[in-house]
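Heads up, the thing below is written out as structure tokens.
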């Protein structure tokens with residue numbers, strides 16, 4: 518019996534990146550990112566088993582919500598450079614954006630480029646009225662990404678018992 522599901526995960530393209538579905542062979546780099554204390558300082562590091570659960574959960578959001586996370590692939594090299602998401606948290610009607618760039622690609626504008634593409638997708642394709650990003654107060658690089666794509670600080674909130682900053686942008 519075939520248990521395969523056909524879901525359509527849109528591919529997005531920027532000048533340097535292809536935003537594509539997760540593949541099982543993406544997991545090694547994903548896990549390395551989450552298991553590295555420097556890379557995951559603002560996310561909270563994870564062991565391999567937890568990284569696998571997060572990886573599968575992010576991929577599975579597409580089935581449950583029709584929204585989720587993309588792997589970021591460098592168009593020239595085919596190398597995986599991070600991930601970016603447009604998704605809904607449990608019991609939230611506001612789409613959230615998230616981004617992670619793998620350590621070797623920090624400071625190269627990858628997160629800015631990917632986040633801008635996903636913001637455009639949220640507003641122009643999904644027709645969302647507003648989007649938010651939840652960013653740890655000490656995560657200056659993610660704060661700068663949010664501001665570069667036109668998001669503004671909204672409020673301080675709590676996420677899993679941790680104080681976090683909410684950035685918001687409304688559709689224009």
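In the numbering used here, the protein residues as written are 518 to 689.
C-beta: ideal position from N, C-alpha, C; glycine also.
(request) Would you mind giving the Cβ-Cβ distance between residue 589 and residue 601, rounded to the nearest angstrom? I have them listed as a contact below 8 Å. (result) By a beta-carbon distance limit of 8 Å, residue 589 contacts residue 601. Their separation comes to about 6 Å.
(request) Answer yes if the segment 634-646 comes into contact with the segment 677-685, meaning at least three C-beta pairs across the two stretches below 8 Å, and no otherwise. (result) Touching, no, given that fewer than three Cβ pairs across the two stretches are closer than 8 Å.
(request) Out of 676, 686, 674, state which residue places its alpha-carbon closest to the alpha-carbon of residue 668. (result) 686
(message) Using only the alpha-carbon positions, how far apart do residue 613 and residue 670 sit?
(response) 14 Å
(request) Run the CB neighbour count on residue 539, radius 10 Å, all protein chains shown included, and call it buried at 16 or more, exposed below. (result) The residue is buried, with at least 16 neighbouring Cβ atoms inside 10 Å.
(request) With a 10 Å radius around its C-beta and 16 neighbouring C-beta atoms as the bar for buried, classify residue 530 as buried or exposed. (result) exposed
(request) Please list, in chain order, all residues of the same chain as residue 524 whose beta carbon is under 7 Å from its beta carbon, the five residues on each side excluded. (result) 579, 580
(message) Which same chain residues end up closer than 8 Å to residue 630 when comparing Cβ atoms and leaving out the 5 residues on each side of it in sequence?
(response) 531, 532, 533, 534
(message) Quick check on the DSSP output: the alpha helix (DSSP H) that includes residue 579 runs from which residue to which?
(response) If you look at residue 579, you'll find it in the alpha helix (DSSP H) that goes 565-582.
(request) With DSSP as the reference, please indicate the residues paired to residue 529 in a beta bridge. (result) 536
(request) With DSSP as the reference, label residue 622 as helix, strand or coil. (result) helix
(request) Using beta-carbon positions only, say whether residue 605 and residue 582 come within less than 7 Å of one another. (result) Inclusion of residue 605 and residue 582 in the CB contact set at 7 Å is warranted, their separation being smaller than that value.
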